[in-house]
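K.L.:
In the working numbering, the protein residues as written are 3 to 248. A virtual CB, placed ideally from N, CA and C, is assigned to each residue, including glycine. It should be emphasised that the depicted structure is a prediction, and the values quoted were computed from it without experimental measurement. Structure below; questions to follow.
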Amino acid sequence: MKYFIGNWKMFGVPKSISILHKINYYYSKDKNRRKYRVIITPPYTLIESYAKYFKKKKIIIGSQNCYQKDQFSSNTAAISPYMIKKVGANYTLVGHSDNRSEGDTNEMLKNKVHFALKNNLKVVFCIGENKKEKKNKKTFSVLKKQLSKVLEKKFNKNNIIVAYEPIWSIGTGKIPSKNELEKTAIYIKKVLKDIFKKSPALLYGGSVDGNNVEMFKKIREIDGFLIGGASKSSKKFIDIIKNYYR
Ligand code: 13P
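Have a look at this one:
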């Protein structure tokens, strides 16, 4: 199974659902549709209405984050995995670099993964090195730490997807070379195999568009994409899927 996940970040109001109508139309008619899933993570404010609309349709709605506690608590503005699941989301991102940079620690991320899975949300766990770490050749050690400090053997790997998003590539138009990404993807899957015996699906994220997807699709270890900027346009998002299967 392949995955095309659109992460809207801080974008969208109720009427932005028109973007998803177009994507859903393409998806439901695509002859390749059984080979992949389309998941969109709008902001919290839109999850319930979008999930209701797409309940019997193809697009799956997810959350961009969740709080590290179960059910209810006295943490102002926090949204728990339980609350997210109850309004119809089926996935959640955990550990996006935007949230790591705002203070998410490995311990917090472990709790997020644990409680998300407990509440029947599938987890898209995000990892990635920054520019300085890459320059200092620390990429592999950073990724290994991010994975091994959070993911545990006891977690159900069938409900986890890992998204490799090098921070220097997010929103910059810069992407790793094929050779570089291939080596990194092989390494990540090796670490994941050490934890789970069999590796969960691995996505790439960072400046993915309809042109560069031609290069990414040649990498066997990459099972799909986490798409930021290009997911806010139905045409750009559909182009990625079209060119992937061309
Ligand atoms: P861009 O596709 O805009 O680089 O964003 C990637 C990302 O952070 C998705 O979570």
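Please say whether Lys114 and Gln66 have beta carbons closer to each other than 8 Å?
P.N.:
Within the sequence shown, residue 66 is the residue found at index 64, counting from 1. Within the sequence shown, residue 114 is the residue found at index 112, counting from 1. Contact flag unset, no.
K.L.:
Have a look at Tyr29 and Thr94 and give me their C-alpha separation to the nearest angstrom.
P.N.:
By one-based count along the sequence shown, residue 29 stands at place 27. By one-based count along the sequence shown, residue 94 stands at place 92. So the alpha carbons of these two residues sit roughly 21 Å apart.
K.L.:
Specify the secondary structure class of Tyr52 as computed by DSSP and reduced to three states.
P.N.:
On the sequence shown, residue 52 is found 50 positions in, with the first residue counted as 1. Helix.
K.L.:
For Leu228, which of helix, strand or coil comes out of DSSP?
P.N.:
Working through the sequence shown from its first residue, we reach residue 228 at position 226. Three-state result, Leu228: strand.
K.L.:
Curious, which full-length beta strand (DSSP E) runs of at least 3 residues does the segment 16-97 contain?
P.N.:
Whole beta strand (DSSP E) segments, 3+ residues: 38-43, 62-65, 93-96.
K.L.:
Curious, which full-length beta strand (DSSP E) runs of at least 3 residues does the segment 186-245 contain?
P.N.:
Within the segment 186-245, the complete beta strand (DSSP E) runs of at least 3 residues are 203-207, 226-229.
K.L.:
Examine the Cβ distances between the segment 131-145 and the segment 154-165 and report whether three or more of them are shorter than 8 Å.
P.N.:
In short, these stretches do not touch, since the Cβ pair count stays below three.
K.L.:
Could you tell me the boundaries of the alpha helix (DSSP H) in which Lys136 lies?
P.N.:
Counting from one through the sequence shown, the residue named residue 136 turns up at place 134. Here the alpha helix (DSSP H) through Lys136 covers 133-137.
K.L.:
Assuming Lys60 contacts Tyr38 (C-beta within less than 8 Å), just tell me the rounded distance between them.
P.N.:
Sequence index remark: in the sequence shown, residue 60 carries index 58 (1-based). Sequence index remark: in the sequence shown, residue 38 carries index 36 (1-based). Rounded, the Cβ-Cβ distance is 10 Å, inconsistent with contact.
K.L.:
Of the choices Ala53, Ile190, Lys88, Gly231, whose alpha-carbon is the least far from that of Val144?
P.N.:
Locating residue 144 in the sequence shown gives position 142, where the first residue counts as 1. The candidate whose alpha carbon is nearest that of Val144 is Ile190.
K.L.:
Identify, in the order they occur along the chain, each residue of the same chain with its Cβ nearer than 6 Å to the Cβ of Met217, setting aside the five sequence neighbours on each side.
P.N.:
What you label residue 217 is simply residue 215 of the sequence shown in a count that begins at 1. So the qualifying residues of the chain are Lys180.
K.L.:
Within the continuous alpha helix (DSSP H) that includes Gly142, where are the two ends?
P.N.:
What you label residue 142 is simply residue 140 of the sequence shown in a count that begins at 1. In the sequence under discussion, the amino acid at residue 142 is Phe, which differs from the Gly named in the question. Segment 141-150, the alpha helix (DSSP H) holding Phe142.
K.L.:
Given a threshold of 16 other Cβ atoms within 10 Å of its Cβ, counted over all protein chains shown, does Thr47 qualify as buried or as exposed?
P.N.:
Against the sequence shown, residue 47 aligns to sequence position 45. Exposed: under 16 other Cβ atoms inside 10 Å.
K.L.:
For chain D, find out if any of its Cβ atoms is closer than 8 Å to the Cβ of Asn108; answer yes or no.
P.N.:
The chain inventory of the structure shown lacks chain D, comprising one protein chain alone.
K.L.:
Starting from Asn113, follow the alpha helix (DSSP H) in both directions and report where the run begins and ends.
P.N.:
Residue numbering aside, residue 113 sits at position 111 when the sequence shown is read from its first letter. 108-120 is the extent of the alpha helix (DSSP H) around Asn113.
K.L.:
If you check the beta carbons only, do Phe117 and Val164 fall under 8 Å apart?
P.N.:
Locating residue 117 in the sequence shown gives position 115, where the first residue counts as 1. Locating residue 164 in the sequence shown gives position 162, where the first residue counts as 1. No.
K.L.:
Given the structure, does Asn101 come close to ligand 1, in the sense that its CB is under 7 Å from one of the ligand's heavy atoms?
P.N.:
Position 99 of the sequence shown, counted from the first residue, corresponds to residue 101. Flag unset: Cβ of Asn101 not near ligand 1.
K.L.:
CB-CB under 7 Å to Gln73, same chain, minus the five flanking residues each way: which ones, in chain order?
P.N.:
Mapped onto the sequence shown, residue 73 falls at position 71. Around Gln73: Ser82, Tyr84.
K.L.:
Since Ile172 and Gly230 should fall inside the 8 Å C-beta cutoff, what is the C-beta to C-beta distance between them, to a whole number of angstroms?
P.N.:
The residue given as residue 172 occupies position 170 in the sequence shown. The residue given as residue 230 occupies position 228 in the sequence shown. About 7 Å; that satisfies the 8 Å criterion.
K.L.:
Please work out which residues of its chain come closer than 8 Å, Cβ to Cβ, to Glu50, disregarding the five sequence neighbours upstream and downstream, and give them in chain order.
P.N.:
In the sequence shown, residue 50 corresponds to position 48, counting from 1. Result list for Glu50: Val89, Gly90, in chain order.
K.L.:
What separation, rounded to the nearest whole angstrom, lies between the Cα atoms of Asn108 and Leu149?
P.N.:
Reading the sequence shown from its first residue, position 106 is the one you call residue 108. Reading the sequence shown from its first residue, position 147 is the one you call residue 149. Using only the alpha carbons, I get a separation of about 9 Å.
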